[in-house]
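Engineer: There's a structure below that I have some questions on.
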Amino acid sequence: MTKRTFCLALLVLIATVTTTAQKPRRSQAPPRGARPAAATKTAPTVKVILANFVKAIGGEAAVRKPRSRTSTGTVEITAMGAKGAVEISQKAPNKMIVVMNLPGLGAIREGYDGTTAWSQDPFTGLREKSGAELAATKREASFYRDVELAKDYPKMVLKGMEKVSGRDAYVIEATTPEGTTPDKLYFDKETFMIVRLDSVRESPQGTIPIQAYFEDYRTVDGISMPFTVRQAVAGSDIIIRFTDVRHDAPIDDAKFSKPAPK
């Protein structure tokens with residue numbers, strides 16, 4: 077993979093690290109931090125699946141309690157043997173900035189200040205998003221997205237069941253208000269956690285399919301969240317491992333603003 081390809085792949089990865097799709101990778105046991113939910117003999121409705129998902133991650137009250145979140149860790153590109161740093165800052169209701177630094181590549185940033193979505197990298201420079209790309213970033217920046225999935229997806233249809241890492245999962249096809257290619261959400265049949273997320277993202281290089289897996293569930297302030305995010309891109313794994321997640325540290329709104337052109 078070229079550096080340009082890696083840069084694009086990292087920008088795509090940013091689209092997934094602010095969600096809480098989770099996947100147990102090697103172990104067949106439920107993810108650490110997951111709260112077992114009662115299984116049913118017949119397939120539940122979409123509404124029931126979503127309600128059980130919210131319950132599994134800690135409940136709506138716990139999810140809505142924090143007003144900000146700062147997550148730090150490492151990013152690794154296995155094919156290059158490259159490893160760098162990542163920091164994600166989020167603030168309710170819908171502000172976000174992701175900063176990745178990789179030796180030999182430089183800094184990659186993507187942000188949303190509640191109105192303007194932007195990205196900045198060594199190859200395409202600073203640019204502002206629009207259209208479907210803007211709409212997707214706005215959704216991903218929603219601080220309480222996990223308890224508002226029905227708002228993000230006005231049409232959600234249960235399509236059946238598939239195996240994810242050897243475990244049964246309900247597959248929900250979810251259509252956004254823009255009516256673009258639907259996302260697919262995979263909910264573990266036993267825990268009701270999201271175990272996989274498939275989506276298609278718009279980018280300057282065209283549409284990019286994403287298959288995201290999240291691992292190493294841990295509970296922070298009563299909320300279950302993944303500490304490892306993995307994405308397979310062009311024959312290589314790009315992996316983010318969080319080492320620290322903190323809630324309600326002060327974050328200046330200016331941090332999310334689009335940088336001034338140089």
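Note that this note's numbering has the sequence shown beginning at 77, numbered continuously upward. From the three backbone atoms N, C-alpha and C, an ideal C-beta is built for every residue, glycine too. A quick note: this is a predicted structure, and the numbers were derived from the prediction, not measured.
Assign residue 134 to one of three DSSP states: helix, strand, or coil.
Structural biologist: Coil at residue 134, not helix or strand.
Engineer: Express the C-alpha separation of residue 189 and residue 170 in angstroms, rounding to a whole number.
Structural biologist: Going by the C-alpha atoms only, they are around 7 Å apart.
Engineer: Rounded to the nearest angstrom, how far is the Cβ of residue 217 from that of residue 172, given a contact under 8 Å?
Structural biologist: Contact flag correct, Cβ pair sits at about 4 Å.
Engineer: For the region 160–196, which segments carrying the beta strand (DSSP E) assignment without a break, of at least 3 residues, lie completely within its bounds, in sequence order?
Structural biologist: Here the runs fully enclosed are 171–178 and 182–188.
Engineer: If I'm right that residue 249 touches residue 265 with Cβ under 8 Å, what's the distance once you round it to whole angstroms?
Structural biologist: Wrong, their Cβ atoms sit about 17 Å apart, outside the cutoff.
Engineer: Apply the 10 Å Cβ neighbour rule to residue 157 and answer buried if 16 or more other Cβ atoms are within range, or exposed otherwise.
Structural biologist: Looking at its Cβ environment, which holds fewer than 16 other Cβ atoms inside 10 Å, residue 157 is exposed.
Engineer: Output the boundary residues of the alpha helix (DSSP H) element that contains residue 212.
Structural biologist: Its alpha helix (DSSP H) spans residues 207–216.
Engineer: I'd like the ranges of any beta strand (DSSP E) spanning at least 3 consecutive residues and lying wholly in the region 228–316.
Structural biologist: You should have 231–240, 243–251, 259–264, 270–279, 282–296 and 299–309.
Engineer: Residue 272 and residue 246 - do their beta-carbons sit closer together than 8 Å?
Structural biologist: Contact: no.
Engineer: For residue 302, count neighbouring C-beta atoms within 10 Å of its own C-beta (all shown protein chains included) and say buried if the count is 16 or more, exposed if not.
Structural biologist: It counts as buried.
Engineer: What does the alpha-carbon distance come out to for the pair residue 236 and residue 329?
Structural biologist: Between residue 236 and residue 329, the C-alpha separation is close to 42 Å.
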